[in-house]
Amino acid sequence: MNIPTKKLSCGFEMPVYGLGTWEMGGRKEADPNNDDKADIEAIKYAIDSGITHIDTAENYANGHSEELVGEAIKGYDRNKLFIVSKVGRTKLKHDDLIKSAKESLQRIGTNYLDLFLIHAPSLEIPIEESMLAMNELYDEGLIKNVGVSNFTVERFIEAQKYSKAKIVANQLHLNLKYRETEKKGLIRFCQENDVMFIAWRPVQKGIILDSNIQIINEMCEKYRKTPSQIAINWLINQKNIVTLSKTRNKSHLDENLGAIGWEIEKSDIEKLRNEFPNQEDLSDAVPLV
Ligand SMILES: NC(=O)c1ccc[n+]([C@@H]2O[C@H](COP(=O)([O-])OP(=O)(O)OC[C@H]3O[C@@H](n4cnc5c(N)ncnc54)[C@H](OP(=O)(O)O)[C@@H]3O)[C@@H](O)[C@H]2O)c1
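1 is the number of the first residue of the sequence shown in my numbering; add one for each residue after it.
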């Protein structure tokens, strides 16, 4: 399947849907009991199914997730892939950040990242120092695009002041249930400032897929789609929003890809926004600071 892309006015372009790798290879640390082979197979299956955007981070399984991505992409045309990694919030001093980026490249087995994100803001390290390091990586061509993650509007504006390149993306928690980033003006900010909003955790680890949610059932019936397809389509049919989910299950991936290529009516996007039950105003995983 050919996955459509979204393109910003500045020229930055990325697929509307990608594969996440949190919990591949372990959680915070590499898990010796993890079925690495299954994770590698899942990534390859995703690429064979048309996925090009693969998201990882040095913090996922302490770098092991990046190694699994590296193993999986061997034999594929690197230029056709859109690989994203992230530097952790404790590695944002200049030299640490450069070192982290280079180690990520090595683990993934590539000489550039399509997009490199600061995983979350540091409350101690001045953003100016981190952005100077990002500038160097960008100038050297080691990262093709500069982005951030879990940044408020204020922190994003501050980071942009020191970034040579336009900061093209902010990766943020957003789905039908978790709306902190929407409430804090980040959807509107990204839409008005030509920034890609990469929504993480689109199906909220399955919570949204509960078949007892009446409005989801109504939408599934109306569009002849499944709950995950409604949840993902709700995101990607909003301006400047793309998303990614993690799955190592082939049928879940096939199902999620069925979220692409059709559109929930605008009125239903708003209906879901307003009427989805038990919404949470704060992220349960990475609240904005
Ligand atoms: N920047 C950040 O701070 C940040 C934070 C969190 C996540 N992320 C990134 O965003 C990616 C996506 O978020 P996430 O992995 O936390 O959450 P998610 O993609 O919303 O949910 C993943 C979970 O849902 C299951 N799942 C996926 N599709 C399904 C389907 N159709 N039916 C039933 N279950 C399904 C998966 O299990 P199976 O494997 O069994 O399918 C997995 O347990 C991450 O992997 C990571 O790359 C970034």
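C-beta: ideal position from N, C-alpha, C; glycine also.
| Check | Outcome |
| --- | --- |
| Contact under 8 Å by Cβ, E275 with I215 | yes |
| Backbone secondary structure at Y178 - three-state DSSP | strand |
| K205 Cβ short of 7 Å to ligand 1 heavy atom set | yes |
| Close beta carbons around I51, own chain, < 7 Å, minus the five adjacent residues each side | I3, G18 and L19 |
| Chain-order list of residues whose beta-carbon lies under 8 Å from that of E140 (same chain, five-residue window excluded) | none |
| Meets three-Cβ-pair contact criterion under 8 Å: the segment 126-135 and the segment 97-114 | yes |
| Whole-angstrom C-beta distance between A30 and H64, which should lie under 8 Å | 4 Å |
| Distance, F197 Cα to A169 Cα | 6 Å |
| Separation of A259 from K225, as counted between CA atoms | 8 Å |
| Buried versus exposed, by CB contacts within 10 Å (16 or more), S251 | exposed |
| Classification of K306 by the beta-carbon crowding that lies within 10 angstroms, buried from 16 upward | Missing from the structure shown is residue 306; the chain here goes from 1 to 289 and no further. |
| Span separating the alpha-carbon of E67 from that of T56 | 10 Å |
| CB-CB length for Y162 against E128, believed under 8 Å | 5 Å |
| Whole alpha helix (DSSP H) elements within the segment 156-232, 4-residue minimum | 180-183, 186-192 and 214-223 |
| CB of V153 within 8 Å of CB of L186, strictly | yes |
| For K86, the three-state DSSP class (helix, strand or coil) | strand |
| 7 Å Cβ shell around N237 - same chain, five flanking residues per side excluded | E263, I264 and I269 |
| C-beta contact flag for K28 and V16 at 8 Å | no |
| Nearest-angstrom Cβ-Cβ length linking E23 and K246, presumed shorter than 8 Å | 6 Å |
| Cβ neighbours of Y223 in the same chain (closer than 6 Å, five flanking residues each side left out) | none |
| Identity of the residue in N233, Q160 and S211 nearest N193 by Cα | Q160 |
| Proximity to S267 [Cα-Cα], best of M219, N62 and S9 | M219 |
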